[in-house]
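Everything below concerns the one structure shown next.
Numbering (UniProt numbering), first residue to last: 1 to 709.
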């Protein structure tokens, strides 16, 4: 059969995918033998379109899945979508703001329904985009993070943690985002360098330095280092200090957390509004008062809560933080309590990773998970090889984080997500999958941190689809290195805790996507590559090859339009070479069961092909996808197309004997078929298109052909 002269991806890709999906061949074969191979797709957030980072994981995971499927193994790639809790709420909040609507005035149930509809629409679009990229996942098993079966499993896990004493409600200092009105975990905090005035102020006989003048009304102590000779006489004593709302006494304590080289070596202790101060108070509970909250949830001074009869406090009550700092500085100057100001003090500030606003530490009752017992078992699993990191450097980072892990705040004061399954009645607390019987019980309004449900994704999805027994633990978790702590580590911890087994045997982490100048892609820089736009212009195969070519595990993915265009040319090369093969084989060609090779030319190409097959196979087994792609590419383009096809042309002409011509055709077909098999995991569309036009295809699809040995 003669192929059209030019390969036009837009004319083939969508139709080929429809045929693949309709055939049911994406599902794991019941007859397949060997060790099961399963990947749980990192569920994209259901709040927007796919970006080029998603295209990386689709490409790498599809390469693995197609390879193992062709090897005849039971293969499952399970797709899904994440509700993405806080992130989705932020996206929808922006949408409401554009529409002139106030998030905080919409009833909770109504808001939840609106976001549900929003995510379902996005999810449908996203599924279509995954299909365009060639994802050969089993769509019949698709799972959403808010499916009732998933929610049930998440709640069961929390109940188990609660019963085992690993989930608890406690007052702790947390990170509070004033804009979004919710707490954030430590991992969601972005630390940035900021320049602020550092104020030196009198606290009786001691001068101390602080940036945060607005929290001084909540001070409960002055702290110095125990070995600081300057303050030895004051340690353990109460000193009288003049404040803007009257005179008071405050105790001087010694604590090793104080840096003697910072400012004057003396610091104010405000347990309600500083994490270090909170820890200092924890160590000195018998000496000093507890937290006094003077800044409320809206980032305003709330002095009258603690000083209701203080006339001077009324001046500052209700002021926003920035304004309060300015007014307090002026008043301290007037009162003669300001010693000096360092106007350009640089320091690290905790900000919200989504809106960039400075976070306010607050002491609030939250639900926490005790992480150290879970972390110990996760580290043990990695140490004994149950979980292997493809890139060793990430294993070291993994250990460093888990060795220093703190309890996880899983409470979020948002609407969107899984509501924590806890009910209160007075002082009584009930944790369970369903509401307790009887009247007067009120459910916790907080929802889980989205990573709490995501951390259960491998076992939860496989349990709901009925595949747990066959495919758990899964073969590999492939995702971006930037969510090693957010997701990968938590999956290992929760997977072992709930099932007694690790959730996956291997961890492959890919890097960030950068432009040709190695700049991180961002909308503000204007260097973002839209993967679906690329697919429309150059085809999915070109994008896939560009994303894997020259990129090893853990390293950043450098991509440009020139690189994509080059691989579009490679797809054309495959097409044109296949066109030449089809034209010369003819429609009546029948492959021989055994190829008796006598020609030295044929022997040489077949021996070389055997070497290439071994290398590609080994590289795929070792997760060296870039090396496998480069090996298959190099052979097909430069050894098969550029050299062998030119050498064989005389043997296909009318001048040679039929026997010679027949032998040449058999070798030509064999090398071509193995060549496109080796390339199929990387460029599935063009290889499937040419296979379908072969008069001698043995199977319904190339994607279920046998991998060459």
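For each residue, glycine too, the CB sits at the ideal point set by N, CA and C.
Item: Start and end of the alpha helix (DSSP H) containing residue 480?; Value: Careful: residue 480 lies outside any alpha helix (DSSP H), inside the beta strand (DSSP E) at 474-480.
Item: Distance check for residue 112 and residue 435, CA to CA, integer angstroms please.; Value: 20 Å
Item: Are the region 164-171 and the region 352-369 touching, with three or more C-beta to C-beta distances below 8 Å?; Value: yes
Item: Of the choices 221, 418, 45, 261, whose alpha-carbon is the least far from that of residue 249?; Value: 221
Item: Find the nearest neighbour of residue 230 within the set 206, 470, 237, 251, judged by alpha-carbon distance.; Value: 206
Item: Would you say residue 359 and residue 189 are within 8 Å of each other, going by their C-beta atoms?; Value: yes
Item: Pick helix, strand or coil for residue 58, following the three-state DSSP scheme.; Value: helix
Item: Candidates 391, 269, 32, 103: which alpha carbon is nearest residue 76's?; Value: 32
Item: Which residues bound the alpha helix (DSSP H) around residue 510?; Value: Here residue 510 belongs to no alpha helix (DSSP H); instead the beta strand (DSSP E) covers 504-510.
Item: Among 542, 553, 550, 551, which has the Cα closest to the Cα of residue 566?; Value: 542
Item: Tell me the DSSP bridge mates of residue 191?; Value: 350
Item: Taking DSSP as the reference, what is the three-state secondary structure of residue 175?; Value: strand
Item: Pull the bridge partners of residue 136 from the DSSP assignment, please.; Value: Note: residue 136 sits in no beta bridge, so no partner.
Item: Under 8 Å, do residue 714 and residue 563 count as touching if we go by C-beta distance?; Value: Past the edges of the chain, shown from 1 to 709, lies residue 714, and the structure says nothing about it.
Item: Out of 273, 253, 275, which one is the CA nearest neighbour of residue 266?; Value: 253
Item: In chain order, what residues of the same chain lie with their CB nearer than 7 Å to the CB of residue 736, ignoring the 5 residues before and after it?; Value: One cannot answer for residue 736 here, as it falls past the ends of the chain, which runs 1 to 709.
Item: Which class does residue 406 belong to by DSSP, given the choice of helix, strand or coil?; Value: coil
Item: Considering only heavy atoms of the ligand MG, does any lie closer than 7 Å to the CB of residue 641?; Value: In the structure on display, the ligand MG does not appear, and there are no ligands present to speak of.
Item: In three-state terms, what does DSSP make of residue 340?; Value: strand
Item: Hey, how far is the Cα of residue 504 from the Cα of residue 23?; Value: 29 Å
Item: Give a yes or no on whether the C-beta atoms belonging to residue 352 and residue 184 are separated by under 8 Å.; Value: yes
Item: Where residue 225 and residue 191 are concerned, what is the direct C-alpha to C-alpha distance, given to the nearest angstrom?; Value: 26 Å
Item: Could you round the C-beta distance between residue 202 and residue 374 to whole angstroms and report it? I think they count as a contact, below 8 Å.; Value: Actually they are not in contact, since the Cβ atoms of residue 202 and residue 374 sit about 48 Å apart, beyond 8 Å.
Item: Taking only the alpha-carbon atoms, compute the straight-line gap between residue 513 and residue 440 and give it to the nearest angstrom.; Value: 53 Å
Item: Residue 416 to residue 442, Cα distance in whole Å?; Value: 19 Å
Item: With three or more beta-carbon pairs closer than 8 Å as the criterion, would you say the region 61-68 touches the region 37-46?; Value: yes
Item: Measuring CB atoms only, is the region 150-158 touching the region 41-60, in the sense that at least three cross pairs come out at less than 8 Å?; Value: no
Item: With a Cβ-Cβ cutoff of 8 Å, do residue 199 and residue 341 count as a contact?; Value: yes
Item: Which term fits residue 58, buried or exposed, when burial requires 16 or more other beta carbons within 10 angstroms of its beta carbon?; Value: buried
Item: Which residue's Cα is closest to the Cα of residue 391: 293, 451, 552, 330?; Value: 552
Item: What does residue 249 pair with, by DSSP beta-bridge criteria?; Value: 240
Item: Would DSSP call residue 433 helix, strand or coil?; Value: coil
Item: For residue 54, which residues from the same chain have a beta carbon less than 6 Å from its beta carbon, with the 5 sequence-adjacent residues on both sides left out?; Value: 44
Item: To the nearest angstrom, how far is the alpha carbon of residue 382 from that of residue 322?; Value: 47 Å
Item: Are there 16 or more other CB atoms within 10 angstroms of the CB of residue 257, so buried, or fewer, so exposed?; Value: exposed
Item: Considering Cα atoms alone, identify which of 584, 462, 580 is closest to residue 474.; Value: 462
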